[in-house]
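One line per chain: the protein sequences are A and B, in this order.
The first sequence runs 1 to 423 under my numbering.
The second sequence runs 1001 to 1284 under my numbering.
Right, one structure below, let's go through it.
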Amino acid sequence: MSFPWAQQYKPATEFGQWMDDRLPIGRMIYNSLGAGYPTPRNLNYMWNFGSLAGVFLVVQIVTGIILAMHYAANADIAFDSVEHIMRDVNSGWMIRYAHANGASFFFIAIYLHIGRGLYYGSYKAPREMIWLLGVVIYLLAMATAFMGYVLPWGQMSFWGAKVITGLFEAIPLVGKPIQELLLGGFAPDNAALNRFFSLHYLLPFVIAGVIIMHIWALHIPGSNNPTGVNVKGPQDTVPFHPFYTAKDGWFLGLALIFFTWMMFFMPNALGHADNYIPANPLSTPAHIVPEWYFWPWYAILRAFTFDFLFVPAKLLGVLAMFSAILVWFFLPWLDKSPVRSGDYRPRFKKFFWFGLIPCIVVLGICGGAPAEEPYVMLSQLASAYYFAHFLIILPLLSRIEKPEPLPNSITEAVTGKPLEQAS
Amino acid sequence: MVRFFGILIGLFFAGMLIYSFGRGAVEYISNPPVKAVEYQFHEGPKDVSFASDGPFGKFDKQQLQRGFQVYKEVCAACHGIRLVAFRNLAELGYNEDEVKAIAANWPIETPAIDPDTGEPSTRPSIPADKFPKPFANDVAAGAANNNAIPPDLSLITKARNGGAPYVYSLLTGYTDPPAELPEANRPGTGLHYNAYFANLNIAMAPPITGDGQVTYSDGTEATVSQMSEDVSAFLIWTAEPSLIKQKQTGWAVIAFLLIATILGFLSYKTIWADVKAEKKKKDA
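In structure tokens, the structure reads:
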């Protein structure tokens, strides 16, 4: 791994040398996050969201562990135990609001991170494994976030759990048993709450494990970059530390300002008022909606309104919703264009900015809106484009598109001088 | 192979969706959806502001005490605030003796067990107790209120879209039904027309009926609007007792982060200066 010109780790102290001979933990950090990791010099700010998502995962784990010290996973008292945290635990409101808003910020970071990968072709060879592991992280994060939202046991927790586990019911034959297995009963109750709590505590550590593999896989070819051109020489790179630690560092400060603003001044803006009403199986909320980061998928789910032969519309919606994410697993083989960066793909660029991005925004708006017209029709059009984009447009585009000429090297793209003569 | 099957699946999903869209569009044009009556007559919360609004908001303790008085004299007979303890009233500016007196004299006693017989009984509240619920359980609450259970108000300003302005609007929003309201949407027996309530007909009779319903000790004139505003402010506090502390902490945190971020940005600029200089040469 790494490039031959990478700086070599030299222990600064005798103790450091002693450790390096026995457990080279300093060497590992140096080679993965320190000066020993050469990184393309031209990364733009879209490359900041991976480390940012990592920081928000840590925020979630730390605040989550503290919340678990005060929370009671029991359907009778879960709601009140959350209010106990808000009212009686010292600074409990801060921990809880950090956790509730931290989930949203984790998803903001992860969506921008995925979007960057989509535009700059970070999923293409030789980085397929990084991409696949990333999709796994995203799926795990969705499961974790969903189960976390159930824990306060408010109205939206309860009905969200009912609707989402109800999706499995649509699967023929095994659907009903799967749903009962997920819930530990016929409807969300104490058994469901307990297993969701257990898994909500477990999965973040699984995510952390997959992230380690994600970064491990990243360090084999090294980071992609806005030109998509391979690193060719020492002048193309800068050591990760101090260059990207400084860049990630100040940008983290900026992100935390937005985060703390939400957390202290509008902590419930991204939540639902209904979740401050204790769960009541006898009273269905007027509009059951998931958290904002699920809205696009929720819109795809609800876009199917007609049966296909013997396949009911609900099953089609469930299949489409899962396919919409699973299609990302095949993306490296659907888009065979040898050019990575969207900057050098004139048609791809148009489909990305004027097709995919508006389509996701429309799906998001429709997913958060009540299931009535015109939102249903809009989500049908947007969902159709979504599938067409990944499954039809990208495979065909890579055949017919004529990419623009690529720079010979990163250094040439940045300084305008050929790699060898640049100083 | 992946691409071949991908295109087939893509064509299927996209085809189904376009077909559904077409059917939906035909239906939409030939048979346009009728707006529900609730939508036509329902109104959004009135424009009312509170001292605690905004990043620099502060509780007006005098107002919270007035609001507590309205709650006690008007609302408490039916609506509990089960998540609030008497001791929390100290935050409204009551001293220890006043809190003790309020707890001891609260019209509903705290459920307890008779120490001699072990039978369920009640005892006067102490500051450590939460406000006792006005009804023993939901069945009792329903039976006494024409089957409409009065919701607990502890979290009401966070549990309703529109928050405190919604509560204020609801309290001041009782009117006679408009003449053009269809018969089916007119309030039935035991219901009252209120344009701010989701389905227009609310079981709660107008609670704040006229000026001077309570007598404020601080000399504030107890108009219907004033009482509604005061009790809404009080319910902001019950829903989020730490609201002001949150905002103050927020400013301290953001001030710290601003300084840290500026320093971080300057060190970033310094570290990258040489690398960026090469790029500048190109631009020039």
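From the three backbone atoms N, C-alpha and C, an ideal C-beta is built for every residue, glycine too.
For the 8 Å CB-CB criterion, V1048/B and E1229/B form a contact.
Counting the other CB atoms within 10 Å of its CB gives E291/A a total of 16 or more, which places it among the buried residues.
With distances taken between CA atoms, N1201/B lies nearest to H1042/B out of A1260/B, H1042/B, I1029/B and V1139/B.
DSSP, read as helix, strand or coil, puts I1202/B in strand. Residue pairing by DSSP places N1194/B opposite Y1174/B in a beta bridge. The Cβ atoms of I61/A and P204/A sit closer than 8 Å to each other. Sorting D1129/B, A1143/B, F1013/B and T1261/B by C-alpha distance to the C-alpha of S323/A places F1013/B at the top. Excluding the 5 residues flanking it on each side, P1124/B has same chain C-beta neighbours closer than 7 Å at A1104 and E1109, in chain order. Relative to G233/A, the option among L23/A, I25/A, R27/A and T39/A whose CA is nearest is T39/A. Rounded to the nearest whole angstrom, the CA to CA distance from S1267/B to G1010/B is 49 Å. Judged by DSSP secondary structure, S379/A falls outside any beta strand (DSSP E) and instead within the alpha helix (DSSP H) spanning Y375 to A388.
Comparing alpha carbon positions, the residue from F351/A, V362/A, V376/A and E404/A closest to H389/A is F351/A. Under the Cβ criterion (8 Å, minimum of three pairs), the region 240-251 of chain A does not count as touching the region 65-76 of chain A. Judged by DSSP secondary structure, P239/A falls within the beta strand (DSSP E) whose first and last residues are T237 to P239.
If you check each beta-carbon in the region 58-89 of chain A against every beta-carbon of chain B, the ones closer than 8 Å belong to D80, E83, M86 and R87.
In the DSSP secondary-structure assignment, S1121/B is bridged to A1112/B.
Interface criterion not met: the Cβ of Q1063/B is under 8 Å from no Cβ in chain A. Among the residues facing chain A, S1030/B is not included, as its CB has no counterpart in that chain under 8 Å away. For N1095/B and P1033/B, the gap between their C-alpha atoms comes out near 59 Å. Residues are counted here when their Cβ sits less than 7 Å from a Cβ of chain B; for the region 294-321 of chain A these are A303, F304, T305, F306, F308, L316 and A320, given in chain order. Burial is judged here by how many other beta carbons sit within 10 angstroms of a residue's own beta carbon; W18/A has fewer than 16 and is exposed. Shortest Cα-Cα distance from I215/A to any of R127/A, K314/A and N408/A involves R127/A.
In terms of beta-carbon proximity, W1272/B lines the interface with chain A, with at least one pair separated by less than 8 Å.
Put simply, the backbone Cα of T1249/B is about 13 Å away from that of A98/A. Taking G364/A as the centre and dropping the five residues before and after it, the same chain places the C-beta of W295 and P296 closer than 6 Å to its C-beta, in chain order. The Cβ of F330/A sits closer than 8 Å to at least one Cβ of chain B. Here F49/A carries a helix assignment [DSSP, helix/strand/coil]. Where P370/A is concerned, there is no enclosing beta strand (DSSP E), because DSSP gives it neither an H nor an E. When Cβ-Cβ separations below 8 Å define contact, A1164/B makes no contact with chain A.
Neighbours of P1241/B in chain A, taken as residues at a C-beta separation under 7 Å, are given in chain order as R87.
Residue pairing for T144/A: DSSP places it in no beta bridge. Taking the CA atoms as reference points, P1182/B sits about 42 Å from F310/A. Look at V361/A: its C-beta is not under 8 Å from any C-beta on chain B. Cβ atoms of F251/A and G34/A stay farther apart than 8 Å, at about 19 Å.
Contact of L254/A with chain B is assigned, a C-beta pair being separated by under 8 Å. DSSP places T284/A in the coil class of the three-state scheme, outside both helix and strand.
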